[in-house]
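Asks: Residues in the sequence shown are numbered consecutively from 3, following this note's numbering.
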Amino acid sequence: KFKNILEDLTGTRAACFLNDNLEVLGKVPMKELFNAIRELDANVLIFDGDIDQKLINFASHRGIKYIVGLKTSRIKTPENVSVLTLQDLR
């Protein structure tokens, strides 16, 4: 399911949030990403972009368990978060 959503988002510069049951909570433009993380009670973040440390730190503090993006740079992943890229989903 993550792969299908990420493929649908690729090129849109948007993010999609899912709950525990993998139901879509909402879709927002990337510029609203941090506000949406703050406001939504999401468990999964899938977005059209590169995963960086700032995003991981912020999302993990807000209870997000899975972050799915196009690729990562050098990052440290907290134990409570799984980071997946398009390559991991193939």
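Note that the Cβ used here is the ideal one computed from N, Cα and C, for glycine as well.
1) Identify the continuous alpha helix (DSSP H) that holds Lys5 and give its terminal residues.
2) Under the three-state reduction of DSSP, which class applies to Leu86: helix, strand or coil?
3) Determine the DSSP secondary structure at Leu72, reduced to helix, strand or coil.
4) Ala44 by DSSP, collapsed to three states: which one?
5) Hey, Leu72 and Phe4: beta-carbon distance below 7 angstroms or not?
Replies: The answer reads as follows:
1) Counting from 1 along the sequence shown, the entry for residue 5 is found at position 3. Taken as a continuous stretch (DSSP letters only), the alpha helix (DSSP H) holding Lys5 covers 4–11.
2) The count along the sequence shown starts at 1 and reaches residue 86 at position 84. Leu86: strand per DSSP, three-state reduction.
3) If you number the sequence shown from 1, residue 72 lands on position 70. Note: Leu72 maps to coil in three-state DSSP.
4) Position 42 of the sequence shown, counting from 1, holds the residue named residue 44. If DSSP states are grouped into helix, strand and coil, Ala44 belongs with coil.
5) Residue 72 sits at position 70 when you count from the first residue of the sequence shown. Residue 4 sits at position 2 when you count from the first residue of the sequence shown. It is not a contact, given that the beta carbons lie outside the stated cut-off.
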